[in-house]
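Chains as they are written, first to last, in the numbering used here: chain L, 364 to 556; chain Y, 317 to 638; chain A, -5 to 166; chain W, 202 to 461. What follows is a single structure, written as structure tokens, with notes after it.
Here it is in structure tokens:
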């Protein structure tokens, strides 16, 4: 069932750009984060509050107009990731185009939260996808999300991208320190005995 | 296209049209960001570029060129790659023949009104190809919807353009705008309405955005597109708004007619196009998406009869004035 | 040989190639798209010959409406990506088609070659006004008859579609 | 598309959006303007280390088991000749895992010695999940941001913290007066009002009153009372920045918004 995914690569421009251009490119990535919300539980409501008029994260360039994963740059996992949902999270992450970022929003997606002891809950979304910023809270305030986004933007501003780096990231942090495909990220516990 | 044009003039005009083609859609896109935000009591982009996020769309562009260019395994590779440019280039061609003033026009064609219609008709082919080639059922549904929409709305649009062309006695946009008189605002009002609605549907803007309906079919034909190719589709969408607004301005609002219209005629044309572009954004923010059957009903039972009646009124008017 | 000649030959060859590919390709949607190329380059040929309005109407009607309709029909029914065996024809079928096509080409050439041989064709730009006068003066009756024919087929298609719907299911 | 009310509805929609556009936006500009947080909002839990007796109540009541406490026992020699030696708990490690915490506040409620306080601070998103495990040093730094509890209502009695702080101070025992203030509060250079554990104290100073100079300087007005763990100006909405934590937690471009 393993699909041999091609290694991620960057778009045509960023690969061979000289350094001053890379600053501009980083600036572009920083302020154009088309966001893809993975709302799985109550934290999604706070995410929505963050996107609505009172907090309006479009101010920061986080644009919630991405209808699907292909157009998105930032995935915000807000809510309890269950082992049943894990493969879907992973699949949609895989469908996003590099360079892509993940914010884990709230205790549940950070580490399982109050349900860490449940048989069905994934102990943190970082078990299946690499997470860039962890926002604590249960649920976090909308401002917490904004602060998490600002931290991510700092991180992006200081980044140097390369296809090799992307491949390294994929090798290192997927599915508990191993590479895996979407169907494989389900924990052994819930597979058939 | 006068034969007297030198090579340099051709190059200069092409560059000017290309620049307008790249800049105006960005302006409209930014306007959409801000109008949409304030219509929702928000602020919109504030940080990109410093002052009120003026560089948001430039940041978007800088981002899109860096994205991995994904190509679905099952997709029809050639058609998939070709589709965005096919969606974009017709708008470029159409923009080239739209006059800003009697002298400022990229290429003055004798039948420029038909050029514009033909170009937009070809442009929708890009969406169709994208929808089919993506090997995605949502894309295919989106392609189907855009085909149905195109067929339904092309007819009233052509009839509306025919009405003004009949009134002016010419098929050239420059000629139509020159012949324009203020009382045409009333005389050609139904045609203007039909053209506005048809144009909105032609560029698939809400409330006529069934082909893209993001809550129903992900993103229609563009579902599988990422990075630069997706950006080209976006650019085509905003270029469509620019084109439709300019056309409305030229054909129905009298383009460069106005005080001091001699040297500043182009400014009048653009100033008249801005409210139309605003209308497109306003509609998007105010109205829900039509259902597919409502869309077809609106086209065939409202717009087409209205356009035919308008054609009749225009014909009577032309005959009586002669 | 002027630039116009080159353009004419170029568009002609493109139209020919598009047409050939449209009938020979195994990808059914590609066939429709090659048709776009063929019809589009035909519009180019018209343009080069000075019939601007005909070229534009060719684009508007054939590319913008008819091919879109063809694509629409393909998408509604069956439009696999990749070569499809379902649409393959038998060798005998192909042979017959080739013979008929060759006969048609021979016929057309027999008619056209004598005209073409009688000297250079002058490019004359037709004004829209003259075209309109011709269309609605000299050719008014054929034009109206043609529209009547189209109307009849439209009504017939509607009748067939509706009768199916009525006899099939009541809620349709 | 009902015949009646279709057109008016269409125009009404246009009117609503236009009216909204004419009004100013309601957006709070968070990184530029400090959010107006309710004083009792649950941002982060601050630890007053001196008050902790390592009794483990919080760790045991925590539904998430996200509090880690380690300690050891120390023997205190008898204070009087021939007296009995005593033992007391010494806190070695106190950590809260904010990646796991569900912010229920049970630990704050259950703490018998007022060692845990709610702070509205929320700016501690991290790149590495391990940095969300706040050890006692970092938890102590949050004390800076704990606001003064406001009165519940206009005529309501003062908050319990305020009442207890306003009681006239007892004469401090010599041992208490010589207490070495090791907490982060004294590091901030403000009045050390935290109940301090006597250096050689026999038991945690449950009944200890705040240090005399703080109590004397405390205004009697309930809402501006300063005799709470974090003695500061009475602006709950604008806490000063905590001393630089291990990983900077404040936004990069946050300017200090001083309202008073």
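Every residue, glycine too, gets a C-beta built ideally from N, C-alpha and C.
Grouping DSSP H, G and I as helix and E and B as strand, with all else coil, what is residue i?
{"i": "residue 520(Y)", "result": "coil"}
{"i": "residue 245(W)", "result": "strand"}
{"i": "residue 238(W)", "result": "coil"}
{"i": "residue 487(Y)", "result": "coil"}
{"i": "residue 354(Y)", "result": "helix"}
{"i": "residue 87(A)", "result": "helix"}
{"i": "residue 250(W)", "result": "helix"}
{"i": "residue 606(Y)", "result": "coil"}
{"i": "residue 296(W)", "result": "strand"}
{"i": "residue 334(W)", "result": "strand"}
{"i": "residue 519(L)", "result": "helix"}
{"i": "residue 22(A)", "result": "helix"}
{"i": "residue 94(A)", "result": "helix"}
{"i": "residue 268(W)", "result": "strand"}
{"i": "residue 582(Y)", "result": "helix"}
{"i": "residue 131(A)", "result": "coil"}
{"i": "residue 152(A)", "result": "helix"}
Chain L beta carbons: is any one of them nearer than 8 Å to that of residue i?
{"i": "residue 240(W)", "result": "no"}
{"i": "residue 443(Y)", "result": "no"}
{"i": "residue 350(Y)", "result": "no"}
{"i": "residue 439(W)", "result": "Any reading at residue 439(W) must be qualified, since the residue scores a pLDDT of 41, below 50, and its modelled position is unreliable; the value itself is stated next. No, residue 439(W) lies away from the interface with chain L (no Cβ there is under 8 Å from its Cβ)."}
{"i": "residue 520(Y)", "result": "no"}
{"i": "residue 403(Y)", "result": "no"}
{"i": "residue 534(Y)", "result": "yes"}
Below 8 Å on C-beta distance, what does residue i contact in chain Y?
{"i": "residue 460(L)", "result": "383, 384, 385, 386, 542, 543"}
How about residue i: is its C-beta nearer than 8 Å to some C-beta of chain W?
{"i": "residue 309(Y)", "result": "This structure leaves residue 309(Y) out entirely; chain Y is present only between 317 and 638."}
{"i": "residue 602(Y)", "result": "yes"}
{"i": "residue 370(Y)", "result": "no"}
{"i": "residue 417(L)", "result": "yes"}
State the beta-bridge partners of residue i as determined by DSSP.
{"i": "residue 418(L)", "result": "Answer is none; residue 418(L) lacks a bridge partner."}
{"i": "residue 273(W)", "result": "291(W)"}
{"i": "residue 399(L)", "result": "438(L)"}
{"i": "residue 426(L)", "result": "397(L)"}
{"i": "residue 484(L)", "result": "445(L)"}
{"i": "residue 498(L)", "result": "468(L)"}
{"i": "residue 317(W)", "result": "248(W)"}
{"i": "residue 327(W)", "result": "497(L)"}
Between residue i and chain Y, is any beta-carbon pair separated by less than 8 Å?
{"i": "residue 226(W)", "result": "yes"}
{"i": "residue 349(W)", "result": "no"}
{"i": "residue 47(A)", "result": "yes"}
{"i": "residue 58(A)", "result": "yes"}
{"i": "residue 272(W)", "result": "no"}
{"i": "residue 215(W)", "result": "yes"}
{"i": "residue 436(L)", "result": "yes"}
{"i": "residue 221(W)", "result": "yes"}
I want to verify the contact list: residues of chain L whose CB lies under 7 Å from the CB of residue i, in sequence order.
{"i": "residue 362(Y)", "result": "422"}
{"i": "residue 237(W)", "result": "Within chain L, no residue comes near residue 237(W); the closest Cβ sits about 10 Å away, beyond 7 Å."}
{"i": "residue 232(W)", "result": "509, 513"}
{"i": "residue 375(Y)", "result": "390, 391, 394, 395, 424"}
Show which residues of chain W have a CB atom less than 9 Å away from the CB atom of residue i.
{"i": "residue 358(Y)", "result": "226, 227, 228"}
{"i": "residue 489(L)", "result": "330"}
{"i": "residue 476(L)", "result": "265, 300, 301, 302, 303"}
Along chain Y, in chain order, which residues have C-beta atoms closer than 7 Å to that of residue i?
{"i": "residue 496(L)", "result": "Within 7 Å Cβ-Cβ: nothing; residue 496(L) doesn't reach chain Y, min ~17 Å."}
{"i": "residue 467(L)", "result": "Here the premise fails: no neighbours, minimum Cβ distance about 22 Å."}
{"i": "residue 50(A)", "result": "427, 430, 431, 434"}
Would you please verify whether the beta carbon of residue i is less than 8 Å from any beta carbon of chain A?
{"i": "residue 627(Y)", "result": "no"}
Going along chain W in order, which residues have a C-beta closer than 7 Å to the C-beta of residue i?
{"i": "residue 470(L)", "result": "300, 301, 302, 303"}
Using the beta-carbon of each residue, which ones in chain L are nearer than 8 Å to residue i?
{"i": "residue 378(Y)", "result": "387, 388, 390, 391, 392, 395"}
So with CB distances below 9 Å, who are the chain L contacts of residue i?
{"i": "residue 463(W)", "result": "Outside the displayed span of chain W (202 to 461) sits residue 463(W), for which this structure offers no information."}
{"i": "residue 630(Y)", "result": "Those within 9 Å of residue 630(Y) in chain L number zero; the least Cβ separation is about 41 Å."}
Whose Cβ in chain A lies nearer than 9 Å to the Cβ of residue i?
{"i": "residue 574(Y)", "result": "Correct list: empty, because the minimum Cβ distance to chain A is about 28 Å."}
Original post:
Where are the alpha helix (DSSP H) runs, 4 residues long or more, that stay fully inside the region 405 to 463 of chain Y, in chain order?
Top reply: Taking 4 residues as the shortest admissible run, the region 405 to 463 of chain Y contains the following complete alpha helix (DSSP H) segments, listed from N- to C-terminal end: 428 to 449.
Original post:
Which runs of the alpha helix (DSSP H) fall wholly inside the region 371 to 399 of chain Y and span at least 4 residues, in chain order?
Top reply: 372 to 380
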